[in-house]
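Working notes, structure below.
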Amino acid sequence: MKIAFFASQPYDRRFFDEALASQPDSASIELVYHSALLSEETVVLAQGAQAVCVFVNDVLDAPVLEALHGYGVRAVLLRCAGYNNLDLQAAKRLGLFVARVPAYSPEAVAEYTLALVQTLNRHTHRAYARVREGNFSLDGLLGATLHGKTVGIVGTGKIGLATARIFKGFGCKVLGHDPYPAPAFAQLGTMVELPQLLAESDIVSLHCPLTQSTRHMIGVATLPLMKQGAMLVNTSRGGLIDTGAVIEALKSRQLGSLAIDVYEQESNLFFQDRSSDIIDDDIFQRLMTLPNVLVTGHQGFFTIEALREIAAITYHNLQCFLQGKACENSVLAG
């Protein structure tokens, strides 16, 4: 069994190699790592593999899936939760096995959400830079106490629940919105409709999958509903927000601040060193000029525990494929 990894980084190699040693048939599994994203141009790298292991920004449209099938690939292992980059109908038509990692250390992303909120709220990133230069002035670093604030959690899955627990622990009032609410949320806050959540929340944190119904859920129609001066946080999927509309809301002061760990056009930027390049994404560059915006490069998942869990679940999915068993993590069930 040869597995071709795409969009792989040194940490992928570390944790997948480490976990491979514990697999019962490790000697028969060959891992081949490619740093390139999977696309029509790079799919040729999968020749000779029976499975591919891919990440959030790899392209899994019909032409790529057909090419993979033609090369003999029969399993697509997603080392992530989201699969909006996958053509489900093409995968079904080709009879491919496709499985994901539906949840991995939800606390990792939840804790990172809090880190973004507190960094932006208390300006610790700016304070760090000032002190490094010998500037100990506090002007411009005024923040707000989280205790007593209202936090809106959009999406009450495992990550949303973990985030709600943290903010409740800070003494915040927690509101939630989800078309399929988790019963456990009742112990943490109050479920409301999205317009009410937006109108009452001092902080709105997104924890939803990216679907046709959630794409640009924060945009021209919903930004005016938000409490003026509120903070918007997105550690889920970049496409949940209309970035251009958010920039206009920031400029008009309707939106107070923005913290994002994901970006709609991130596939050409994130997970690589672009420090010596000219970044020609004008929307991204406009974001970076705003002092009330904090952007990080999709690192919410990036903890030792989460990476070990991702590898373990991916190997479990592989075993389901090899043994011909039903897999609870399949994205093609039914």
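Taking our numbering, the leading residue of the sequence shown gets 181, the next gets one more, and so forth. Glycine is no exception: its CB is placed at the ideal position from the N, C-alpha and C atoms. Quantities reported herein were computed from a predicted structural model and do not represent experimental measurements.
Sequence-distant residues of the same chain with beta carbon closer than 7 Å to residue i, five excluded per side
i, result
"Ala492", "Ala199"
"Leu318", "none"
"Ala429", "Leu403, Leu435"
"Phe196", "Leu211, Ala491"
"Pro375", "Leu405"
"Gln203", "Ile209, Tyr495"
Distance between beta carbons of residue j and residue i, contact taken as under 8 Å
i, j, result
"Phe235", "Ala255", "Going by Cβ atoms, the distance from Phe235 to Ala255 rounds to 15 Å, so no, they are not a contact pair."
"Val297", "Ile383", "6 Å"
"Ile490", "Arg466", "Contact doesn't hold; Cβ gap of about 33 Å is too wide."
"Val331", "Ser393", "Wrong, their Cβ atoms sit about 23 Å apart, outside the cutoff."
"Thr325", "Leu474", "Their Cβ separation, rounded to whole angstroms, is 19 Å, which puts Thr325 and Leu474 out of contact at 8 Å."
"Asn472", "Ser447", "No, Asn472 and Ser447 are not in contact; Cβ-Cβ is about 26 Å, not under 8 Å."
"Leu512", "Lys272", "6 Å"
"Met181", "Ser208", "6 Å"
"Ser510", "Ala270", "Actually they do not touch by this definition, with Cβ atoms about 16 Å apart."
"Ser188", "Ser215", "6 Å"
Cβ of residue i within 7 Å of any chain C Cβ
i, result
"Ala410", "Absent from the structure: chain C. Only one protein chain is present."
Nearest neighbour of residue i, chosen from the options [CA to CA]
i, options, result
"Gly301", "Ser285, Met411, Leu218", "Per the sequence presented here, residue 301 reads as Asn, with Gly not at that position. The residue with the shortest Cα to Cα distance from Asn301 is Met411."
"Thr423", "Gly409, Leu403, Lys407", "Leu403"
"Leu248", "Val384, Tyr292, Gln452, Phe186", "Phe186"
"Asp192", "Arg488, Val239, His387", "Arg488"
"Glu444", "Asp453, Thr494, Ile421", "Ile421"
"Asn237", "Asn264, Val354, Asp358, Phe482", "Asn264"
"Ala217", "Ala226, Ser206, Lys182", "Reading off the sequence shown, one finds Leu at residue 217, where the question assumed Ala. Measuring from the Cα of Leu217, the nearest candidate turns out to be Ala226."
"Glu221", "Pro204, His396, Pro243", "Pro243"
"Ala401", "Val413, Lys272, Ala425", "Ala425"
"Phe347", "Lys338, Ile333, Leu502", "Ile333"
"Gly480", "Ile440, Asp462, Glu508", "Ile440"
"Tyr213", "Arg194, Glu313, Phe464, Ser219", "Arg194"
"Gly419", "Ala270, Asp205, Val442", "Val442"
"Asn497", "Leu257, Pro190, Ile209", "Leu257"
"Gly409", "Ala201, Gly340, Ile458, Lys329", "Lys329"
"Val253", "Gln269, Ala270, Ala229, Cys233", "Ala229"
"Arg433", "Asp460, Thr370, Leu470", "Leu470"
"Thr293", "Gly340, Tyr251, Met371", "Gly340"
"Ala295", "Val413, Leu374, Ser456", "Val413"
"Thr391", "Phe464, Ile458, Leu268, Gly314", "Leu268"
"Val224", "Gly250, Cys233, Asp457", "Gly250"
"Gly323", "Ser455, Ala307, Glu313", "Ala307"
Which residues DSSP lists as bridging residue i, in chain order
i, result
"Asn414", "Leu386, Ile440"
"Leu258", "Val234"
"Val223", "Answer is none; Val223 lacks a bridge partner."
"Glu210", "Lys182"
"Ile371", "Inspection of the sequence shows that residue 371 is occupied by Met rather than by Ile. Gly356."
"Leu474", "Ala439"
"Ser510", "Ala279"
"Thr330", "Lys353"
"Leu266", "Leu240"
"Ile398", "Ile421"
Close-in-space but distant-in-sequence residues of the same chain around residue i (CB under 6 Å, 5 per side omitted)
i, result
"Phe450", "Gly477, His478"
"Met406", "Leu378"
"Phe365", "Thr336, Gly356"
"Ile398", "Ile421"
"Leu266", "Leu240"
"Glu500", "One point to set straight first is that residue 500 is Cys, not Glu, in the sequence displayed. Correct list, in chain order: Cys507."
"Met371", "Gly356, Pro361"
Sequence-distant residues of its chain with Cβ nearer than 8 Å to residue i (five each side left out)
i, result
"Arg345", "Ala290, Leu368"
"Met468", "Val475"
"Phe316", "Arg310"
"Asp461", "Gln445, Asn448, Leu449"
"Ile459", "Leu449, Gln465"
Beta-carbon proximity of residue i to residue j, cut-off 7 Å
i, j, result
"Ala486", "Ala288", "yes"
"Leu245", "Leu274", "yes"
"Thr336", "Ala309", "no"
"Ile183", "Ala231", "yes"
"Ala342", "Pro389", "no"
"Arg416", "Leu435", "Looking at the sequence provided, one finds Ser at residue 416 rather than Arg. Contact flag unset, no."
"Leu321", "His303", "yes"
"Phe327", "Gly351", "Rather than Phe, the amino acid found at residue 327 in this sequence is His. It is a contact, given that the beta carbons lie within the stated cut-off."
"Arg259", "Thr483", "no"
"Lys353", "Ala283", "no"
Check: residue i C-beta below 6 Å from any heavy atom of the ligand MN
i, result
"Leu377", "Absence of the ligand MN from the depicted structure is noted, as is the absence of any ligand whatsoever, leaving it without description."
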